[in-house]
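Each remark here refers to the structure printed beneath this line.
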Amino acid sequence: MNLLLQSLRPFDLRLIAPHLQQTRFGAGEVLLSPRMKVAGVIFPETFLVSFRDHQRVEVGLVGREGMLGWPLLLGSDHSPLTGIVTLEGGTALTLSADRLFEACRVSLSLNQALLRFVDNFMAQMACTIGSNAAHPVERRVARWLLMLHDRSAENSLALTHDHLGDALHVRRATITDCLHILEGDGLLRCKRGHILIEDRAGLEQAAGAAYGTVEAQYASAIGPFGKTNRVSAKASTAVRIPE
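Laid out in structure tokens, this is it:
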């Protein structure tokens, strides 16, 4: 289930649905990089993609709320960032560049809808950069856990201290200290290789202003997303792919 696809107008979805192919990707698989030509767009269903800059600092996350390959919409066939399947593998719906261009030529509203996500992802990157520069590590950890939780079907995240440290460019020992504080406050519980979110509202309070703005923007411009009480949810229909 990809929320961006489900937010499309029925006419726009009908233009591309017959050409969407369900594909499985493995954890650690590189889907985009500055050295790779972008062959099409990818709409994740059940996995997350970590976007990293040339210094391997994580600058953004995309899951079932979005897409990869958006440089095609901006007239480029190369990505400035590296996109890697993170935590666990899963499925996505893929669409070739030719089919994307053909559909966007027919429907301006499709092109605009996809660009609204690109705008939201740019806002997420800006928020990440600002948070890294201005917020204490504990607040950044809380924000990143909330972002992962939003894009996960479960309350348990398959996440190690090392992975979180790499994502935030922070020493593992510092991450461990922050998680101990959050765990002591009853917001989460750490098990080997997993972090269980136990008090979502409390974690949002710990994140403060670092979390919520981008999510609210997505809800306003595209549709319901995430598990926060700040963003209301509504039922949606599944995207049907021809067999």
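Quick note on full-length UniProt numbering: the sequence shown kicks off at 1 and runs consecutively.
All C-beta atoms in this analysis are idealised placements derived from N, C-alpha and C, irrespective of residue type, glycine included.
Can you list, in chain order, the residues of its chain with a C-beta nearer than 6 angstroms to that of residue i? Leave out the 5 residues immediately preceding and following it.
| i | result |
| --- | --- |
| F51 | V59, G60, L81 and G83 |
| V41 | M67, G69, L95 and L100 |
| A210 | S131, H135, R139 and R143 |
| T86 | L48 and S50 |
| A216 | none |
| C127 | V214 |
| V141 | C178 |
Can you list, in chain order, the residues of its chain whose CB lies under 7 angstroms from that of residue i, leaving out five sequence neighbours each side?
| i | result |
| --- | --- |
| H78 | P34, K37, V38 and P71 |
| M125 | V59 and G60 |
| G165 | R171, R172 and I175 |
Could you tell me how far apart the beta carbons of residue i and residue j are, in whole angstroms, since I believe they sit closer than 8 angstroms?
| i | j | result |
| --- | --- | --- |
| L203 | L146 | 6 angstroms |
| S7 | I222 | 5 angstroms |
| R64 | L3 | 6 angstroms |
| A158 | G193 | 6 angstroms |
| V214 | A123 | 5 angstroms |
| L31 | F25 | 7 angstroms |
| H163 | L179 | At roughly 12 angstroms, the Cβ-Cβ gap does not stay under 8 angstroms, so H163 and L179 are not in contact. |
| L15 | L110 | 6 angstroms |
| S156 | L196 | 5 angstroms |
| E45 | T91 | 5 angstroms |
What three-state label does DSSP hand residue i in the structure shown?
| i | result |
| --- | --- |
| F47 | coil |
| residue 251 | The chain is shown from 1 up to 243; residue 251 falls before or after that span and cannot be answered. |
| S7 | coil |
| A92 | strand |
| I129 | helix |
| E138 | helix |
| I222 | coil |
| H54 | coil |
| H194 | strand |
| L157 | strand |
| H19 | helix |
| G26 | coil |
Select from the options the residue whose C-alpha is nearest the C-alpha of residue i.
| i | options | result |
| --- | --- | --- |
| E88 | A27, D150, R200 and E65 | A27 |
| D12 | V106, G186, G63 and G165 | V106 |
| Y218 | A17, S156, D119 and L148 | D119 |
| F43 | D53, Q55, H54 and A17 | A17 |
| D53 | A113, Q22 and I129 | I129 |
| Q205 | S220, L187 and R151 | L187 |
| G226 | T176, V170, G208 and E154 | E154 |
| D150 | D98, R200 and T23 | R200 |
| V57 | L108, A113, V141 and V170 | V170 |
Going by DSSP, what residues sit across from residue i in a beta bridge?
| i | result |
| --- | --- |
| C178 | Answer by DSSP bridge pairing: none, since C178 is not bridged. |
| residue 249 | A query on residue 249 cannot be resolved here, the shown segment of the chain reaching from 1 to 243 and no further. |
| V106 | The partner list for V106 (beta bridge, DSSP) is empty, contrary to what the question assumes. |
| T86 | L48 |
Take residue i and list the residues in its own chain whose beta-carbon comes closer than 8 angstroms to its own, dropping the five residues that flank it on each side.
| i | result |
| --- | --- |
| P10 | none |
| F121 | G60, V62, G66 and W70 |
| R189 | E183, I195, L196 and E198 |
| L148 | L48, L61, L87, L157 and L159 |
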